[in-house]
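Below is one structure, written out as structure tokens, with a few remarks after it.
In my numbering, the protein residues as written are 46 to 199.
Spelled out as structure tokens, the structure:
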């Protein structure tokens with residue numbers, strides 16, 4: 046599992062091992078590379094309660110796709126359509142997005158997903174910008190199960 050910087054695509058860290066350990070176990074080994082000036086981007090599967098708390102404990106922010114079966118309370122919607130919530134003990138903002146993908150062979154599909162972030166301000170980090178950031182990171186590719194690092198502009 047690689048940890049890759051989004052701009053230069055430099056590998057910051059990587060861990061290897063048997064698939065029986067799972068992605069979250071490997072991702073925990075990469076936490077030592079995180080710091081307060083980083084935004085960690087990941088696809089679904091890395092949203093376990095303890096892992097989210099561990100990422101926040103490094104001082105880094107995160108933006109990641111939630112598993113379909115992950116539900117959080119929706120107290121009030123913000124102006125950009127996202128909402129503040131809590132996953133375990135971690136305060137998050139959750140936004141929903143619809144996607145439409147057309148492959149080179151002409152086949153297409155649509156779907157929806159939810160993103161969770163520790164960036165709470167909808168004015169400075171509007172939901173559409175976060176969706177665009179995730180889509181751009183996925184297009185660049187981080188390798189299966191990888192995480193990417195960016196620095197939030199604020």
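Glycine included, C-beta positions come from ideal geometry on N, C-alpha and C.
Name the two residues that bound the continuous beta strand (DSSP E) containing residue 50. Residue 50 sits at position 5 when you count from the first residue of the chain shown. Looking at the DSSP string, the run of the beta strand (DSSP E) that includes residue 50 is 47-50.
Bridge partners - residue 135, DSSP secondary structure assignment: One-based indexing of the chain shown puts residue 135 at position 90. Paired residue(s): 132.
Please state whether DSSP places residue 155 in a helix, a strand or coil. Within the chain shown, numbered from 1, the residue matching residue 155 stands at position 110. Correct three-state label for residue 155: strand.
Apply the 10 Å Cβ neighbour rule to residue 135 and answer buried if 16 or more other Cβ atoms are within range, or exposed otherwise. Taking the first residue of the chain shown as position 1, residue 135 is located at position 90. With 16 or more Cβ atoms within 10 Å of its Cβ, residue 135 is classed as buried.
Near residue 176, which residues of its chain fall below 8 angstroms by C-beta distance, leaving aside the five closest residues on each side in sequence? On the chain shown, position 131 is the one that residue 176 refers to. Answer for residue 176: 140, 142 and 160, listed in chain order.
Where does residue 85 fall in DSSP's three states? As a working mapping, residue 85 is identified with position 40 in the chain shown. Residue 85: strand per DSSP, three-state reduction.
Tell me which residues share the same chain as residue 58 and place their Cβ nearer than 7 angstroms to its Cβ, disregarding the 5 neighbours each side in the sequence. By one-based count along the chain shown, residue 58 stands at place 13. Contacts found: 48, 75 and 78.
Run the CB neighbour count on residue 82, radius 10 Å, all protein chains shown included, and call it buried at 16 or more, exposed below. As a working mapping, residue 82 is identified with position 37 in the chain shown. Exposed, by the Cβ-count rule.
Are residue 117 and residue 127 touching if we call contact CB-CB under 8 angstroms? Residue 117 sits at position 72 when you count from the first residue of the chain shown. Residue 127 sits at position 82 when you count from the first residue of the chain shown. Result no, Cβ atoms of residue 117 and residue 127 do not sit closer than 8 angstroms.
Compare the Cα-Cα distances from residue 164 to each of 73, 105 and 71 and report the closest residue. What you label residue 164 is simply residue 119 of the chain shown in a count that begins at 1. Nearest of 73, 105 and 71 to residue 164, Cα basis: 105.
Assign residue 55 to one of two classes, buried (16 or more other C-beta atoms within 10 Å of its C-beta) or exposed (fewer than that). Against the chain shown, residue 55 aligns to sequence position 10. Under this definition residue 55 is an exposed residue.
Is residue 79 helix, strand or coil by DSSP? Counting from 1 along the chain shown, the entry for residue 79 is found at position 34. Coil at residue 79, not helix or strand.
Assuming residue 167 and residue 125 form a contact by the criterion Cβ under 8 angstroms, report the distance between their Cβ atoms to the nearest whole angstrom. By one-based count along the chain shown, residue 167 stands at place 122. By one-based count along the chain shown, residue 125 stands at place 80. Yes, they are in contact, since the Cβ atoms of residue 167 and residue 125 sit about 4 angstroms apart, within 8 angstroms.
Kindly indicate the opening and closing residues of the alpha helix (DSSP H) around residue 96. Walking along the chain shown from the start, residue 96 turns up at place 51. Residues 94-102.
Please work out which residues of its chain come closer than 7 angstroms, Cβ to Cβ, to residue 65, disregarding the five sequence neighbours upstream and downstream, and give them in chain order. Locating residue 65 in the chain shown gives position 20, where the first residue counts as 1. There are no such residues.
From residue 150 to residue 180, what distance separates their C-alpha atoms? Along the chain shown, one-based indexing puts residue 150 at 105. Along the chain shown, one-based indexing puts residue 180 at 135. Each residue's alpha carbon lies about 20 angstroms from the other.
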